[in-house]
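> First the structure, then my questions, so here it is.
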Amino acid sequence: MRSILLAALGAFVLSAAPASAQTAPETALAPNIGGRVAPAPDGGLSFGWPGVYFEGRFSGTSVTVAVETGSEHLAVSIDGQVRAELRKPGLARLTFDHLSPGEHVVRLDKLTESHTGSARFIGFFVGPEGRPLRPVARPRRIEFIGDSYTVAYGVRSTRFACTEQEVHDLTDTSQSFAPILAGRLNADYRIIAFSGRGVVRNYSGLAPGEPLPVLYPRLIPGQAEPRVDPADPWKPDLIVVGLGTNDFSTPLKAGEAWRDEADLRADYRDSYVAFVAALARRDPQARFLLLAGDTFADDVEQVARRLNGLATPVRVTGMERTACHAHPSAADERMMADLLEKAVQGLK
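Letter 82 of the sequence shown, counting from 1, is numbered 84 in my numbering, and no numbers are missing.
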């Protein structure tokens, strides 16, 4: 588990000084942004979807990270090593000093999932002794669309029973199969995932009429506006969709929109085909992998067949599910990354 404190206090200086305390001029780094963001009214960039990250490259021995955390837990790393976790709400300004001379990459990762609100990225900054470098750029792009399995819900827990606060605190999307796979493929990524949501039905029938495809166009998941700009330059090479667990994990209740399970499954298949087909029209360059659990694998295979070779189903079975509320463990997340990596290798 990552530590909130520094592994080696001599490696840098951590400060929470307000901007007014800064006397030396600073230069902002141009960030590489993984995930959806929206301009914040008070400056910077708001972000709310799981797994959003920011990266900056620079040459020098010091860098400052400025962020307003909201209710999120965020990790700061330099050159791939986690240096701090931010777990308290509010404005944080962290200065990392005494880095070795030369080029470095600073990164901020969103770990937790919150269904309302957002955090705000203010920037990465170097002082007069530092030099901004061209942002990180990777040769591939992957978009992940899913639910709590994609989010890595409560993955830091080793027990089933978790309070709502524990679920929040023990969720760590950096341990999801999504960033694991992206790292193996040297790809930038976006995660558009929301725990408890399905293709047409949400867990236990909650929030009717707002399954994941309805939330998908939002820049901030808990806000209906703003929405994704149709001219968004993000063009993924691969889109991985993992939806269906919440459609079928609980029995239908009286008053829901489907007569019976057969009706629900037919609606699921039709709506899933329409959702992926719409994504394909937007991103004709992308290939699709569709994750399928045991209880709906046959439905996903039918969806893939109806998409005429556009999508490949990837069946997931045999998970230990020892995290909060029987969710995938860290080992399960790595196993799903293994299955997806094998599937990517089989794409023509």
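Every residue, glycine too, gets a C-beta built ideally from N, C-alpha and C.
Rank Gly50, Ile144, Lys350 by C-alpha distance to the C-alpha of Pro223 and give the top, closest one.
One-based indexing of the sequence shown puts residue 223 at position 221. Looking at the Cα atoms, Gly50 is the closest of the given residues.
> Give every residue of the same chain whose Cβ lies closer than 7 angstroms to the Cβ of Trp260, excluding the five residues on either side of it in the sequence, and list them in chain order.
For this step, residue 260 is matched to residue 258 along the sequence shown. Closer than 7 angstroms at Cβ, skipping near neighbours: Leu254, Leu266, Asp269.
> Which term fits Asp231, buried or exposed, when burial requires 16 or more other beta carbons within 10 angstroms of its beta carbon?
For the purposes of this step, residue 231 is taken as residue 229 along the sequence shown, with counting starting at 1. When all chains shown are included, Asp231 counts as exposed.
> Name, in chain order, the residues that DSSP records as bridge partners for Gln83.
By 1-based counting over the sequence shown, the position of residue 83 is 81. DSSP lists Ile80 as partners of Gln83.
> Exposed or buried, what is Phe162 when buried is set at 16 or more other beta-carbons lying within 10 Å of its beta-carbon?
As a position in the sequence shown, residue 162 is number 160, starting the count at 1. A residue is called buried once 16 or more other Cβ atoms fall within 10 Å of its Cβ, and Phe162, having fewer, is exposed.
> Roughly how many whole angstroms lie between the Cα atoms of Pro235 and Asp285?
Locating residue 235 in the sequence shown gives position 233, where the first residue counts as 1. Locating residue 285 in the sequence shown gives position 283, where the first residue counts as 1. Cα to Cα, the separation comes out at about 11 angstroms.
> Decide yes or no for the touch test of the region 200-210 against the region 78-98: beta carbon pairs closer than 8 angstroms, at least 3 of them.
no
> Give the list of continuous alpha helix (DSSP H) stretches no shorter than 4 residues that lie fully inside the region 255-334.
263-284, 299-308
> Measuring alpha carbon to alpha carbon, tell me which residue in Leu113, Gly185, Ala40 is nearest Ile144.
Start at 1 with the first residue of the sequence shown, and residue 144 comes out as number 142. Of the listed residues, the one whose Cα sits closest to Ile144 is Gly185.
> Under 8 angstroms, with one C-beta from each stretch per pair, do the region 105-120 and the region 287-304 reach the 3-pair mark?
no
> Does the Cβ-Cβ distance between Tyr151 and Pro330 come in under 7 angstroms?
Counting from one through the sequence shown, the residue named residue 151 turns up at place 149. Counting from one through the sequence shown, the residue named residue 330 turns up at place 328. Yes, Cβ-Cβ distance for Tyr151 and Pro330 is below 7 angstroms.
> Three-state secondary structure (DSSP) at Asn34?
Numbered from 1 along the sequence shown, position 32 holds the residue referred to as residue 34. Correct three-state label for Asn34: strand.
> Give the straight-line distance between the Cα atoms of Gln24 and Ala189, rounded to the nearest whole angstrom.
By one-based count along the sequence shown, residue 24 stands at place 22. By one-based count along the sequence shown, residue 189 stands at place 187. Its pLDDT being 48, under 50, Gln24 is placed unreliably by the model, and nothing is read from it.
> Please state if the CB of Pro219 and the CB of Arg229 are separated by a distance shorter than 7 angstroms.
For this step, residue 229 is matched to residue 227 along the sequence shown. For this step, residue 219 is matched to residue 217 along the sequence shown. Result yes, Cβ atoms of Arg229 and Pro219 sit closer than 7 angstroms.
> Measuring CB to CB, does Phe123 end up less than 7 angstroms from Phe179?
On the sequence shown, position 121 is the one that residue 123 refers to. On the sequence shown, position 177 is the one that residue 179 refers to. Taking a C-beta distance under 7 angstroms as the contact criterion, Phe123 and Phe179 do not qualify as a contact pair.
> Would you kindly report the start and end of the unbroken beta strand (DSSP E) that includes Glu168?
As a working note, residue 168 is residue 166 in the sequence shown. Here Glu168 belongs to no beta strand (DSSP E); instead the alpha helix (DSSP H) covers 166-172.
> Please state the DSSP three-state secondary structure of Ala23.
The count along the sequence shown starts at 1 and reaches residue 23 at position 21. The predicted position of Ala23 is uncertain, since its pLDDT is 44 and thus under 50; a value taken from the coordinates is nonetheless stated next. Note: Ala23 maps to helix in three-state DSSP.
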